[in-house]
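One structure below.
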Amino acid sequence: MDQPILSLRLTAGYPGKGVVLNDVCLDIHAGEIVGLVGQSGSGKSTMTLCILRLLGFKGGNDSGTIVFRGEQLVGQREARMRQIRGKDIGLVLQSPLASLNPSMRIGKQLEEAWSAHENGDGRATIFRTLQAVSLPQDEAFLNRYPRQLSVGLAQRVLIAMAVLHRPALLLADEPTSALDALTQAEILGLFRTLNREFGTAILFVSHDLLSVASLCHQVAILEKGRIVEQSTPAEIFERPQHPYTRRLVGAIPILDFQKRPESGLQGEFYSDPEFSKQLALFTAQLDQTVEKVNAA
Ligand SMILES: Nc1ncnc2c1ncn2[C@@H]1O[C@H](COP(=O)(O)OP(=O)(O)OP(=O)(O)O)[C@@H](O)[C@H]1O
Ligand SMILES: [Mg+2]
Numbered sequence: 700m701d702q703p704i705l706s707l708r709l710t711a712g713y714p715g716k717g718v719v720l721n722d723v724c725l726d727i728h729a730g731e732i733v734g735l736v737g738q739s740g741s742g743k744s745t746m747t748l749c750i751l752r753l754l755g756f757k758g759g760n761d762s763g764t765i766v767f768r769g770e771q772l773v774g775q776r777e778a779r780m781r782q783i784r785g786k787d788i789g790l791v792l793q794s795p796l797a798s799l800n801p802s803m804r805i806g807k808q809l810e811e812a813w814s815a816h817e818n819g820d821g822r823a824t825i826f827r828t829l830q831a832v833s834l835p836q837d838e839a840f841l842n843r844y845p846r847q848l849s850v851g852l853a854q855r856v857l858i859a860m861a862v863l864h865r866p867a868l869l870l871a872d873e874p875t876s877a878l879d880a881l882t883q884a885e886i887l888g889l890f891r892t893l894n895r896e897f898g899t900a901i902l903f904v905s906h907d908l909l910s911v912a913s914l915c916h917q918v919a920i921l922e923k924g925r926i927v928e929q930s931t932p933a934e935i936f937e938r939p940q941h942p943y944t945r946r947l948v949g950a951i952p953i954l955d956f957q958k959r960p961e962s963g964l965q966g967e968f969y970s971d972p973e974f975s976k977q978l979a980l981f982t983a984q985l986d987q988t989v990e991k992v993n994a995a
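Here it is as structure tokens:
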């Protein structure tokens, strides 16, 4: 296989808290969607902060290596990281409305996101990006304020901002957790579209194994700061190796994958939109199950 665009080996923690990521290794290849699944507090967001070199702002510290397209990010100057953040590595977070500026029109926020990294008129790219995320491409929409958007539309705006510069890597930290089940399914479909259309590699962080399986080429299972297993969704469901993965898979109440003869458990099965919609409809139920497993 070709060189990964991101290759990390990390140990990280917070003073008074101790080690939160314990010698974690992860590779992401160009155009690949990698899911990072783990319970609350397992260190998922800490990993995204490390990649963006933002952990220090949260009082944490890390050691190791993060090589992004051949460039070592650990120890990199802040000025250089500002060039990379938002341009080469995009970020989408859980709470879209909290991430948008409430007092600025949507169009203005998109223009600012554009001019943070490019000179000249970004209109054509902004409109092309709105189209890619299935948002209206007209002045009336651009003149709206965030409060005039549903949470699902707001998340699409944030995703549009995150991919405006066609980053090679998009970090999505629980981007669907604040959404209702149907909107979750739509947003999952959107990540799939962006991956296909722009070739964006995605690190998709979630506690929801089913959503991740429906979207990702690779799934890494994080338990208490260690990646205990990494494989394809089919392998994770058919032959989970680690006891924690087995408990997660065994607790999924709805689908017996092996009994669906038409599935073949190939990638296309997991990327079928109708299937992922079905999966998403069960996420609320799954959340409760995961909580129970984690509490056990
Ligand atoms: N600024 C901080 N100072 C001290 N400890 C922190 C800080 N931020 C996070 N932690 C701790 O580090 C651990 C990992 O947190 P992290 O936010 O990475 O987990 P997570 O997997 O993203 O959880 P969630 O699913 O709830 O978002 C947790 O125990 C958390 O309490
Ligand atoms: Mg988190």
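The opening position of the sequence shown corresponds to residue 700 in the numbering used here, with each subsequent residue numbered one higher. In this text, a Cβ means the ideal position worked out from N, Cα and C, and glycines have one as well.
Can the beta-carbon of residue i be found closer than 8 Å to that of residue j?
| i | j | result |
| --- | --- | --- |
| Gly774 | Tyr713 | no |
| Ser739 | His906 | yes |
| Ile727 | Leu868 | yes |
| Leu887 | Gly789 | no |
| Ala729 | Gly898 | yes |
| Val719 | Pro795 | no |
| Ile951 | Leu909 | yes |
For residue i, which residues of its own chain have a beta-carbon under 6 Å away from its beta-carbon, when the five flanking residues on both sides are left out?
| i | result |
| --- | --- |
| His864 | Lys786, His816 |
| Ser798 | Leu792, Leu857 |
| Gly763 | Arg708, Leu709, Thr710 |
| Glu928 | Ile920, Gln940, His941, Thr944 |
| Leu754 | Leu748, Asp761 |
| Asp722 | Thr710 |
Residues in the same chain with beta-carbon distance under 7 Å from residue i, minus the five sequence neighbours each way, listed in chain order, please.
| i | result |
| --- | --- |
| Thr828 | Ala859, Val862, Leu863 |
| Val911 | Gly734, Val736, Phe903, Ser905, Val918 |
| Phe826 | Gln836 |
| Asp820 | none |
| Arg752 | Leu772, Gln775, Met780 |
CB of residue i to nearest heavy atom of ligand 2: below 7 Å?
| i | result |
| --- | --- |
| Ser876 | no |
| Asp761 | no |
| Glu873 | yes |
| Lys923 | no |
| Ser930 | no |
| Ser798 | no |
Quick one: residues in its chain with C-beta nearer than 8 Å to the C-beta of residue i, no 5 flanking neighbours on either side, listed in chain order?
| i | result |
| --- | --- |
| Leu834 | Phe840, Leu852, Arg855, Val856, Ala859 |
| Gln830 | Gln836 |
Measure the beta-carbon distance from residue i to residue j and round it to whole angstroms, keeping in mind my assumption that it falls under 8 Å.
| i | j | result |
| --- | --- | --- |
| Val948 | Gly734 | Not a contact, Cβ separation roughly 14 Å. |
| Pro874 | Pro845 | Their Cβ separation, rounded to whole angstroms, is 16 Å, which puts Pro874 and Pro845 out of contact at 8 Å. |
| Asn894 | Ile732 | 6 Å |
Tell me whether residue i counts as near ligand 1, meaning its Cβ is closer than 7 Å to at least one heavy atom of that ligand.
| i | result |
| --- | --- |
| Gly1007 | Any property of residue 1007 remains undetermined from this structure, which presents the chain solely from 700 to 995. |
| Thr710 | no |
| Val733 | no |
Quick one: what's residue i bridged to in DSSP?
| i | result |
| --- | --- |
| Ala871 | Val791, Phe903 |
| Glu928 | Ile920 |
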